[in-house]
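Below is one structure; the comments refer to it alone.
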Amino acid sequence: MPGVDQTGEQPETGLTPGAERGDFRDVLAPNHARRGKPPLHLADMTDEQRIEAAKELGLPRFRVRQLANHYFNHLSTNPADFTDFPAAARDDAARRFFPELITPVTSQVADQGMTVKTLWRLFDGSSIESVLMRYPKRVTLCISSQVGCGMGCPFCATGQLGLTRNMSTGEILEQVRAAAAAARDGKLTRGPARLSNVVFMGMGEPMGNYRSVLAAIRQISALPPEGFGISARNITVSTVGVVPGMRKLAQEGIPVRLALSLHAPSDELRDELVPMNRRFNTTQVLDAAHDYYLASKRRVSIEYALMKGINDQAEHARLLAKRLNHYGDDWAHVNPIPLNPIEGSRWTASKPEDERRFLEILHSAGIAATLRDTRGSDIDGACGQLAAKAGQASGQSSEPSASGTPRTDSSPVAASVARKA
Ligand code: SF4
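Heads up: the sequence shown is residues 1 to 421, going by full-length UniProt numbering.
This is the structure:
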């Protein structure tokens, strides 16, 4: 069966390689890894586990395929829809294979109904969020892969939460199923649509939850009834630069796009904006990103949140162009992202003229670059903002533990939701 890790390795805790030594340590929420494991879902099970679970319910193995068809093809976990099933077995099968892993808490709508951001509650009371965005030619879902994030980027709302735990494959996939059903059922302006793109750019560092993310990618891209049938070429995995994960992903032979959140062209500046840079520096992450391009033949996205007076000046654009051109032509596409400041931040978005100049310098150096539009700027559009608010309201930790990296700024600014498009 696609996706489920069958190596028997220990579950990942969400810590990235080298997390407990060196200049940067993962930022952990006080309740890190103390939340227990979510119930096992069809998406988490191996073929053998699925057959065994069916057997326990007195069901023959062909029923497993029917259930997978309901889930991946019809996007349903509702026993009332299982009309090809014996009526007496439907409720038990739904309970066993489709435990409720994510529950909607609130939704915020923006961009005339073309953007919907949803806050979800998980089985243990944790909060995560996903964002569904309609564009003229595609419908994109931005999903979370961890509860909180251990990377500690000072401009990011999620980074302020610290890492609580990894999400299971089932929890990750449930965001996709819910969004695909919402798009199909016309919940976005302009009527029914097909979910076409998935980006791992919500809460969390996907490389810190590698096995569950990979299993999710496989099931998002496999054809029904093995998966949702969304082309791997339309899946983007972002990373802050966890080099071992980038290199491992390059070897999987899956043509997903890699997005590297660079945000700064020099180690001096990136050490401050992206603390993980103290573990894997700009040379190491750009080397790995270029190697990913060579292995996948897919241009790498370079994400760059523009912060006024911090990283948006002409010298930053020139250095960025030089660093990228060092590896040759046309291997990367830069996405400068206007910052969507969060409340109380002392940092603000770049001036429009600085954004334009930044782009012009990249273009004149032969670098492909597109300024992202700002989806969700009239809602809590930045990553982790809804969840951060929910966490504060419910007492969920919003403070990283002392084991984490020192804060460089007590008034964080989050990158715009637009970076997730
Ligand atoms: S920007 Fe991304 S990697 Fe950095 S703290 Fe936020 S979610 Fe984590």
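Cβ coordinates follow ideal geometry from the N, Cα and C atoms, glycine included.
Measure how close the beta-carbons of residue i and residue j come, nearest whole angstrom, since I'm counting them as under 8 Å.
i: N325; j: G366; result: 7 Å
i: G148; j: A29; result: 5 Å
i: D91; j: P99; result: Actually they do not touch by this definition, with Cβ atoms about 13 Å apart.
i: G186; j: S145; result: With 8 Å as the limit, G186 and S145 do not qualify as a contact, their Cβ atoms being about 28 Å apart.
i: A182; j: L132; result: 6 Å
i: C153; j: V300; result: About 19 Å; that fails the 8 Å criterion.
i: L320; j: L362; result: 7 Å
i: R298; j: P255; result: 6 Å
Using the rule of at least 16 other Cβ atoms within 10 Å of the residue's Cβ for burial, across every protein chain shown, is residue i buried or exposed?
i: R61; result: exposed
i: N277; result: buried
i: K117; result: buried
i: Q175; result: buried
i: L223; result: exposed
i: N340; result: buried
i: S238; result: buried
i: Q251; result: exposed
i: T16; result: buried
i: D329; result: exposed
i: P192; result: exposed
i: D312; result: buried
i: E272; result: buried
i: A314; result: exposed
i: A54; result: buried
i: S130; result: buried
Quick check on this structure: which residue in the options has the alpha carbon closest to the alpha carbon of residue i?
i: T158; options: M133, S126, S168 and A182; result: S126
i: D287; options: L273, A110, I302 and I102; result: I302
i: residue 437; options: F155, R134 and A29; result: A question about residue 437 goes unanswered here, because the residues of the chain that appear run from 1 up to 421.
i: D23; options: M151, F72 and K137; result: M151
i: residue 472; options: A259, V243 and P224; result: As displayed, the chain neither begins before 1 nor continues past 421, which places residue 472 out of reach and without an answer.
i: K137; options: N311, S130, N197 and C153; result: N197
i: V285; options: S296, R318 and V242; result: V242
i: residue 441; options: D124, P352 and R50; result: Examination of residue 441 is not possible in this model, given that the chain is present from 1 through 421 alone.
i: L195; options: T189, R184 and E205; result: R184
i: R257; options: M307, A87 and V199; result: V199
i: N166; options: Y210, V139, L141 and S130; result: Y210
i: D26; options: A54, G208, I310 and D373; result: G208
i: R190; options: P39, V139, I235 and Y293; result: V139
i: I235; options: E268, P206 and Q160; result: P206
i: E48; options: V64, Q112 and D84; result: V64
i: A295; options: R247, I310, H316 and Y327; result: R247
i: E268; options: R357, E20, I230 and I310; result: I310
Sorted by chain position, which residues of the same chain lie with C-beta nearer than 6 Å to residue i's C-beta, five sequence neighbours on each side aside?
i: T169; result: A43, D44, S212, A215 and A216
i: V105; result: L119 and R121
i: A305; result: H263, I337, L339 and A415
i: R134; result: M114 and L188
i: P39; result: P99
i: H333; result: R299, S301 and A368
i: Y293; result: V300 and W331
Residues in its own chain within less than 8 Å of residue i by CB, not counting five upstream and five downstream?
i: G58; result: A89
i: R270; result: L262, H263, A264, N277, N281 and T282
i: I102; result: W120, R121, L122, I128, E171, E174, Q175 and A178
i: K308; result: L339, W347, T348, A349, S350, K351 and D354
i: Q112; result: T189
What is the residue span of the beta strand (DSSP E) that residue i lies within?
i: Q146; result: Q146 to G148
i: P338; result: A332 to P338
i: Y304; result: V300 to L306
i: E129; result: S127 to R134
i: I51; result: First-last for I51: D47 to E56, but that is the alpha helix (DSSP H), not the beta strand (DSSP E).
i: F200; result: N197 to F200
i: Q108; result: I102 to A110
i: V237; result: I235 to T239
i: V139; result: V139 to C142
i: R25; result: Note, R25: premise wrong, no beta strand (DSSP E); not H, not E.
Does the ligand ZN have a heavy atom nearer than 7 Å to the CB of residue i?
i: C153; result: Questions concerning the ligand ZN fall outside what the structure shown contains, since the ligands it does hold are the ligand SF4.
Could you spell out the range, first to last residue, of the alpha helix (DSSP H) harbouring residue i?
i: P352; result: P352 to S364
i: L173; result: T169 to R184
i: P244; result: V243 to Q251
i: Q219; result: Y210 to S221
i: S296; result: T282 to S296
i: L319; result: A314 to N325
i: L257; result: This sequence places Arg at residue 257; Leu is not what is there. Taken as a continuous stretch (DSSP letters only), R257 belongs to no alpha helix (DSSP H), being part of the beta strand (DSSP E) at R257 to S261.
i: R90; result: A87 to F97
i: V274; result: V274 -> no alpha helix (DSSP H), and no H or E assigned at all.
i: R121; result: Element bounds for R121: not the alpha helix (DSSP H) but the beta strand (DSSP E), T115 to L122.
Tell me which residues share the same chain as residue i and place their Cβ nearer than 7 Å to its Cβ, disregarding the 5 neighbours each side in the sequence.
i: G18; result: R279
i: D81; result: H70 and H74
i: L67; result: L42, A93 and F97
i: I143; result: S130, I172, Q175, V176, V198, F200 and G202
i: G253; result: none
i: I51; result: R61 and V64
Please confirm if residue i has its CB atom under 8 Å from at least one CB of chain D.
i: F228; result: Reference to chain D is not applicable here, since this structure consists of a single protein chain.
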